[in-house]
Amino acid sequence: MPNAWSLQRDDSRIVLHFDLDCFYASVVENENPALKSVPLAIQQKQIVVTCNYEARRRGLRKLQLISEAKRICPEAVIVLGEDLTRFRDASKDIYSFLQQSVWSGRAERLGFDEVWLDCTDMVDYNVGLLNPNDLTHSFFCLSQEDPTVGFEYDASTVFGPTYPTHSHDSTSCTEEEAQLRLRLVLGSHLARHIRHGLEHQKGYTSTVGIATNKLLSKLVGNVNKPKNQTTILPPYQPVGHVDATVTRFLDEHEIGKIPGVGSKLAQKIRTRVLGREPDVSEDLLYGGTKESVTVLDVRTHHMMGPELLEEVLGGPGSSRGIGGKVWELIHGIDDSEVGKVRRVPSQISQEDSYMKHLHSFDEVKKQLHILGERLIRRMHMDLLEDEEEESDPERSVPRRRWIAHPRTLRLSTRPRPALTLDGTRQRMSHRISRSAPMPNLVFSLVEDPSILADRLVDEALVPMFRKLHHEKAGWSLSLINVAATNMAEAAAERKDSEGRDIGKMFRRQDEVLKDFRVKVEPDSREELPSPWMEAPDGQTPNVEVKGANMDFAATDGWDSDCSESQQAERCECCHSSIPAFALAAHRRYHELGGS
Ligand code: TTP
Ligand code: MG
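Numbers 1 to 595, taken from this note's numbering, label the letters of the sequence shown in order.
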């Protein structure tokens, strides 16, 4: 196998990946427990974005059209999930619970309902406490300060299911393999403990994967879903005649399911391996997107290796070394760190899309007010904290302070695409945006957000809007987004503050200057270089980005939930309103005869 010798996996970490079970539905069930026993679907536009397991048992699926869900299961309770506030708040609460469960502070979110935890230090500390003569009666210490805080467990065996189901004969295993196995055993017991805490204290069940990196932990969790956990067992490297479990595990996956191999890359690889354009399956909206090419097919393809992958995937627009990177990923190598906790989001934005386009100034002004008020309320939630030490004991409400000030206000709109020469209208619409310094008035903690929003609209957003759109020409807008960006952290005592990082300050200058220009951005997503920028979803292979307008940035926990986008477009064929993220798949569904 070309270049196999150069592959080196770092198996020194223990990483847990949490995926909340039917997340939106669970949030709604927790608010109204009577719904737990009935089929429940969450609707956004005309799509079921998720449903509980009772509904799944009766044939409902994620990303089904509401009309179809009603036909299959007329008794299903359908709850509107377009206002993301409750999901965002639950997500934040769960994240904070999980983040406090590990010592390292390394807790990283992906979307609303996935979190990785790096628990290497906890595992290694507890390996040091083991009594090798009595592993079955071990105690997992959860605090370095207080040895009584923790739980009892059996360190001689993994908790929960494993991949493969049975481990190979351990008498032939190497010292490293035995050590890795032991560390994974401890990881599995810690995962059980955290999972149970999340269920009993917060009311959410989850599915967990336990492995040595983010890639493997995310994928192995899918093996036993829902309400379960799976540990991928050693040997992670081939030993004698025994194949590496990691290789066997990954080999079964379709290439497009490997996180970091986005849809475009996957399609190029399929074309190369098959020697032709892959066939498309008929069930595009819900089922297999493309002809299946497995990791095994890719790995064992004639002359396949990092160089050939570079040739297939490289070129303008792709990141350098993409071939080597993908080659590593399909061998289960992912060196990316579990991101550290970040207190401050890099931006907060609120947006809405309008089925009935906005044509008049009054309509626009009304929407600016709604979005402006939502933005200010969101800033209060995410950027204010209680001043504990200095608060006045006489006061019943603690004093609050801003932990960061967004310096820039950005207004973006999406005008209807212009007519082309042949009289048709382009399909792809573009956003245009304008930025200005954030007016200080928004930081007032005295006035009501609704009053502040009035002033924000009159003093900042309307002037910005007029610069973006000249009234004489008229306009027809399908989307408005108002964002607070360019965060300046308040000089903080905390050591995790980024406020005093000079390097960052210089890097940020570019961004600030860039922000003061009118920009035109294609309203579509390009393939992104980081393995964790896209969220390939095991269950929904033809949807590349989960959730409308979520940014799945690796180190920025809160970006993803700050944009309250409900982008939807009307399908030209069936006139259903479809979330923007699902539209391409939906169109192809019609193209192939779906009605
Ligand atoms: P998922 O984790 O994909 O789905 P889930 O948690 O509902 O179900 P599972 O048990 O299979 O993990 O997505 C998390 C939430 O994100 C989901 O509850 C609803 C939302 N979502 C979208 O907004 N758009 C999408 O395309 C998908 C798939 C999910
Ligand atoms: Mg989930």
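Beta carbons are placed, not taken as given, at the ideal position from N, Cα and C, and that holds for glycine.
All of these numbers come straight from a predicted model, not from anything done at the bench.
Same chain, Cβ closer than 6 angstroms to residue i, five either side skipped, listed in chain order
{"i": "D510", "result": "Annotation note: pLDDT 37 at D510 (below 50); position unreliable, coordinate value reported separately. Around D510: no qualifying Cβ."}
{"i": "V220", "result": "Y163, G209, A211, T230 and I232"}
{"i": "V79", "result": "V28 and I42"}
{"i": "S412", "result": "R431, S433 and N481"}
{"i": "L265", "result": "L313"}
{"i": "C596", "result": "As displayed, the chain neither begins before 1 nor continues past 595, which places residue 596 out of reach and without an answer."}
{"i": "R86", "result": "V27"}
{"i": "T120", "result": "R13 and I14"}
{"i": "E177", "result": "P234 and P235"}
{"i": "E291", "result": "P278 and D279"}
{"i": "Q367", "result": "I480"}
{"i": "Y354", "result": "S478"}
{"i": "A90", "result": "V27"}
{"i": "I72", "result": "G59"}
{"i": "A191", "result": "L16, V208, I210 and Q229"}
{"i": "K36", "result": "E29"}
{"i": "H331", "result": "L7"}
Terminal residues of the beta strand (DSSP E) in which residue i lies
{"i": "D19", "result": "V15 to L20"}
{"i": "M487", "result": "L477 to E489"}
{"i": "I403", "result": "Per DSSP, I403 belongs to no beta strand (DSSP E) and is neither H nor E."}
{"i": "R276", "result": "From DSSP, R276 is part of no beta strand (DSSP E); its letter is neither H nor E."}
{"i": "S217", "result": "From DSSP, S217 is part of no beta strand (DSSP E) but of the alpha helix (DSSP H) over K214 to G221."}
{"i": "P431", "result": "The sequence given here has Arg at residue 431, not Pro. Counting along the chain, the beta strand (DSSP E) containing R431 begins and ends at H430 to P437."}
{"i": "T207", "result": "S206 to A211"}
Spatial neighbours of residue i in its chain, beta-carbon cut-off 7 angstroms, leaving aside the 5 residues before and after
{"i": "I333", "result": "L7 and R9"}
{"i": "D19", "result": "D113, E114, S206, T207 and G221"}
{"i": "K495", "result": "At K495 the pLDDT is 40, less than 50, meaning the model places this residue with poor confidence and gives no usable figure here."}
{"i": "S476", "result": "H357, H359, P415 and R416"}
{"i": "N30", "result": "G203"}
{"i": "R57", "result": "none"}
{"i": "S217", "result": "V15, L16, H17, W116, G209, I210 and A211"}
Boundaries of the alpha helix (DSSP H) in which residue i is found, first to last residue
{"i": "V27", "result": "F23 to E31"}
{"i": "K340", "result": "Note, K340: premise wrong, no alpha helix (DSSP H); not H, not E."}
{"i": "P463", "result": "V462 to L468"}
{"i": "K356", "result": "Looking at the DSSP string, K356 is not in any alpha helix (DSSP H); the run it does join, the beta strand (DSSP E), is I348 to L358."}
{"i": "Y53", "result": "Y53 to R57"}
{"i": "H380", "result": "F361 to L383"}
{"i": "P39", "result": "That residue, P39, is in no alpha helix (DSSP H); it is neither H nor E in DSSP."}
{"i": "P449", "result": "P449 to L456"}
{"i": "I322", "result": "I322 to L329"}
{"i": "V298", "result": "V295 to R299"}
{"i": "V312", "result": "P306 to L313"}
Whole-number beta carbon distance between residue j and residue i, since they are thought to touch under 8 angstroms
{"i": "R407", "j": "N481", "result": "18 angstroms between Cβ atoms; not a contact."}
{"i": "V123", "j": "R183", "result": "5 angstroms"}
{"i": "L274", "j": "V293", "result": "7 angstroms"}
{"i": "Q350", "j": "R374", "result": "4 angstroms"}
{"i": "L60", "j": "V48", "result": "6 angstroms"}
{"i": "L16", "j": "W116", "result": "7 angstroms"}
{"i": "V295", "j": "I255", "result": "6 angstroms"}
{"i": "L441", "j": "L461", "result": "About 12 angstroms; that fails the 8 angstroms criterion."}
{"i": "R399", "j": "P449", "result": "Actually they do not touch by this definition, with Cβ atoms about 18 angstroms apart."}
{"i": "P39", "j": "E75", "result": "7 angstroms"}
{"i": "D11", "j": "L250", "result": "The pair is not a contact, with the Cβ atoms about 15 angstroms apart (cut-off 8 angstroms)."}
Contacting residues, own chain, Cβ-Cβ under 8 angstroms from residue i (five flanking each side not counted)
{"i": "T555", "result": "For T555, the predicted structure reports a pLDDT of 28, less than 50, and the residue's modelled location is therefore unreliable. A value from the coordinates is still provided. Around T555: E108, G339, K340 and R342."}
{"i": "K268", "result": "V312 and L313"}
{"i": "E337", "result": "R106 and D118"}
{"i": "D371", "result": "Going by the sequence as given, residue 371 is Leu instead of Asp. Closer than 8 angstroms at the Cβ level, and outside the excluded window around L371, lie Q350, E351, D352, I480, N481 and V482."}
{"i": "A155", "result": "L130, L135, T136, S138, L182, V185, L186 and H189"}
{"i": "E459", "result": "P439 and L441"}
{"i": "C562", "result": "Note on C562: pLDDT 32, under 50, position unreliable in the model; the coordinate value appears next. So the qualifying residues of the chain are P345, Q347, I348, S349, R378 and D382."}
{"i": "G474", "result": "H359"}
Proximity test, residue i beta-carbon vs the ligand ATP heavy atom, cut-off 7 angstroms
{"i": "T50", "result": "In terms of ligand content, the structure shown lacks the ligand ATP and carries the ligand TTP and the ligand MG instead."}
Residues whose Cβ lies closer than 7 angstroms to any heavy atom of the ligand MG, in chain order: Summarising the contact set, residues whose Cβ lies nearer than 7 angstroms to any heavy atom of the ligand MG are, in chain order, D19, L20, D21, C22, F23, D113 and E114.
Could you name each continuous alpha helix (DSSP H) segment of 4 residues or more that falls completely within the region 64–124, going from the start of the chain to the end? Correct list: 66–72 and 85–99.
For the region 163–187, which segments carrying the alpha helix (DSSP H) assignment without a break, of at least 4 residues, lie completely within its bounds, in sequence order? Segments of the alpha helix (DSSP H) lying fully in the region 163–187: there are none.
Length at least 4, wholly inside the region 218–277: the alpha helix (DSSP H) runs in chain order: With a minimum length of 4 residues, the continuous alpha helix (DSSP H) runs that stay inside the region 218–277 are 245–251 and 263–274.
Within the region 119–158, note down every full alpha helix (DSSP H) run reaching 4 residues or more, in order along the chain. Listed in chain order, the alpha helix (DSSP H) runs fully inside the region 119–158 are 120–127, counting runs of at least 4 residues.
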